[in-house]
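**Q** Next up is a structure, given as structure tokens.
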Amino acid sequence: MTSAPDRLLRRLEWRLGRRLDGRLQGAYRTVWHGTGLDFTDLRAYTAEDDVRHIDWNVTARLDEPFVRQYTEDRELTAWLVVDRSASMRFGPGDQGKESVAAELSVSLARLVSRGGNRVGAILFDNDAQRVVPPRGGRDQILRIAGELMKPARGGTGRTTDLARMLTFAAATTKQRRSLIFVVSDFIGDPGWEKPLAMLTHRHEVVVVRVVDPAELELPDVGLVLVEDAETGEQLLVDTGDPLLRRRLAEEVDGRESLITTAMRRAGVAAHRVTTDADLLGTLVSMTHGSGRVRR
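Read in order, the letters of the sequence shown correspond to residues 1 to 295 in UniProt numbering.
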């Protein structure tokens with residue numbers, strides 16, 4: 001009898017399988033392969049270079065910018081940093097944010113682990129964190145899937161400490177430069193921008209924001225009792241009220257603008273994924289659209 005993690009992985013492989021491999025057309029190898037780097041040489045800076053590779057000591061001595069050149073390691077180490085807070089449990093069953101985040105995480109683990117690359121996972125909520133050390137192979141993907149299928153330990157009552165999540169991720173992954181996927185709705189306490197930027201100083205970071213369409217546009221379904229997943233606070237609202245809908249739309253636009261700006265300033269490749277999106281198309285878009293963002 002197969003286990004639940006094995007059934008999940010088999011289902012995803014059946015849904016994606018060769019269709020994903022064919023659609024990528026080598027983009028995985030050029031974008032996500034060989035994130036580990038070894039220093040080899042110095043050369044003059046050009047406009048296309050990553051400013052993080054500038055050697056400031058040499059630049060100061062020669063009064064001309066120089067960058068460090070690196071060669072790629074053959075082996076890639078990747079981490080999945082998955083938000084397991086209360087707000088991620090929004091949405092119905094398999095279409096809820098938590099379920100979609102789990103499917104995306106397992107699919108990314110399968111994709112990155114090709115060629116013997118290692119994948120680890122950090123599952124975070126305010127009350128507990130679980131770490132799966134990076135390893136290769138199918139058993140490792142099943143191990144990560146099994147952890148993602150376990151109930152989250154945290155309850156309601158507090159907003160997510162995103163800064164602590166990112167700081168914990170930085171401390172856990174400090175031994176080796178890695179590719180890090182942060183899978184979260186980014187609903188929580190403010191102040192996460194600096195920890196995210198610090199994470200990008202050492203690692204290649206890809207943010208996957210999982211959102212429910214109802215969080216972007218309020219459905220017009222009359223009177224409903226809504227509950228804040230993070231705090232447990234409940235409120236009866238009229239979803240057809242024009243003033244309420246306009247105010248909520250303005251709040252959503254403002255929040256999305258702030259998050260987008262913060263991601264860009266941190267130099268992060270950020271992808272917003274709605275829970276009703278096609279998984280195959282999402283992964284292909286992420287792969288072709290990833291890469292360092294110019295600040």
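Backbone N, C-alpha and C define an ideal beta-carbon position, used for all residues, glycine too.
Between THR77 and the rest of its own chain, which residues show a CB-CB distance below 6 Å, the 5 nearest in sequence each way excluded?
**A** Excluding residues within five positions, the ones whose Cβ falls inside 6 Å are ARG118, PRO134, ARG176 and SER178.
**Q** Per DSSP, VAL224 is paired with what?
**A** Beta-bridge pairing links VAL224 to VAL237.
**Q** Starting from GLU75, trace the beta strand (DSSP E) both ways and give me its first and last residue.
**A** Note, GLU75: premise wrong, no beta strand (DSSP E); not H, not E.
**Q** Threshold first: 4 residues or longer. Then list the alpha helix (DSSP H) segments lying entirely within the stretch 175-206, N to C.
**A** Within the stretch 175-206, the complete alpha helix (DSSP H) runs of at least 4 residues are 193-202.
**Q** Using the beta-carbon count (16 or more within 10 Å), is ALA249 buried or exposed?
**A** Counting Cβ neighbours within 10 Å, ALA249 comes out exposed, since fewer than 16 surround it.
**Q** By the three-class DSSP mapping on this structure, what secondary structure does GLY120 have?
**A** GLY120 falls in the strand class under three-state DSSP.
**Q** Spatial neighbours of GLY205 within its chain, please: C-beta separation below 6 Å, excluding the five flanking residues on both sides.
**A** Residue 205 is actually Val in this sequence, not Gly. So the qualifying residues of the chain are ILE180, LEU199 and VAL268.
**Q** Express the C-alpha separation of LEU108 and GLY240 in angstroms, rounding to a whole number.
**A** Cα to Cα, the separation comes out at about 39 Å.
**Q** Hey, quick one: how far does the alpha helix (DSSP H) through ARG264 stretch, first residue to last?
**A** Start and end: 242-266.
**Q** Please report how far the alpha carbon of ASP238 lies from the alpha carbon of GLY222, in whole angstroms.
**A** Whole-angstrom Cα-Cα distance: 5 Å.
**Q** Check LEU12 in the structure and name its three-state DSSP category.
**A** Helix.
**Q** Have a look at the DSSP bridge pairing and note the partners of THR274.
**A** In the DSSP output, where bridge partners are listed per residue, THR274 has VAL211.
**Q** Return the Cβ separation of MET88 and ASP185 in integer angstroms, given the expectation that the two are a contact with Cβ distance under 8 Å.
**A** Correct: roughly 6 Å between the Cβ atoms.
**Q** Starting from GLN129, trace the beta strand (DSSP E) in both directions and tell me its first and last residue.
**A** Start and end: 129-135.
**Q** From the DSSP output, read off the bridge partner residues of VAL82.
**A** LEU123 and VAL183.
**Q** Which residue comes first and which comes last in the alpha helix (DSSP H) that contains MET165?
**A** Residues 162-172.
**Q** As a quick exercise: from THR287, LEU279, MET286 and SER285, pick the residue whose alpha carbon is nearest that of GLU13.
**A** When each option's Cα is compared against that of GLU13, the closest is LEU279.
**Q** Please state the DSSP three-state secondary structure of ALA44.
**A** Reduced to three states, the DSSP call for ALA44 is strand.
**Q** Rounded to whole angstroms, what's the CA-CA distance from SER85 to HIS53? Just pull it up for me.
**A** Roughly 35 Å between the two C-alpha positions.
**Q** For VAL208, which option in VAL81, LEU42, PHE66 and ALA47 has the closest C-alpha, if you only look at C-alpha atoms?
**A** When only C-alpha atoms are compared, the closest one is VAL81.
**Q** Candidates PRO242, GLY232, VAL210 and HIS201: which alpha carbon is nearest ASP220's?
**A** The residue with the shortest Cα to Cα distance from ASP220 is PRO242.
**Q** So, helix, strand or coil for ALA269, using DSSP?
**A** Of the three classes helix, strand and coil, the one that applies to ALA269 here is strand, per DSSP.
**Q** Indicate whether LEU142 and PRO5 have their beta-carbon atoms separated by less than 8 Å.
**A** Closer than 8 Å, so yes.
**Q** From this set, THR159, PRO92, GLU103 and SER113, which residue's C-alpha is nearest ASN126's C-alpha?
**A** Nearest option by C-alpha distance: THR159.
**Q** I'd like the span of the alpha helix (DSSP H) that includes GLY146, first residue to last.
**A** Unbroken alpha helix (DSSP H) run through GLY146: 138-149.
**Q** Answer with buried or exposed for GLY91, where buried requires no fewer than 16 other C-beta atoms within 10 angstroms of its C-beta.
**A** By the neighbour-count rule (16 or more Cβ atoms within 10 Å), GLY91 is buried.
**Q** Are the stretch 144-154 and the stretch 93-111 touching, with three or more C-beta to C-beta distances below 8 Å?
**A** Contact holds: three or more Cβ-Cβ distances are below 8 Å.
**Q** Considering only residues of the same chain and omitting the five flanking positions on each side of ALA277, which have a CB-CB separation below 6 Å?
**A** Once the five neighbours on either side are set aside, ALA277 has no close Cβ partner at all.
**Q** State the CB to CB distance for the pair GLN140 and PHE168, rounded to an integer number of angstroms; the pair is presumed to be in contact (CB under 8 Å).
**A** Contact doesn't hold; Cβ gap of about 21 Å is too wide.
**Q** Output the distance between the C-alpha atoms of VAL31 and GLU75, rounded to the nearest integer angstrom.
**A** Low per-residue confidence applies at VAL31: pLDDT is 48, beneath 50, and the placement is therefore not dependable enough to give any value.
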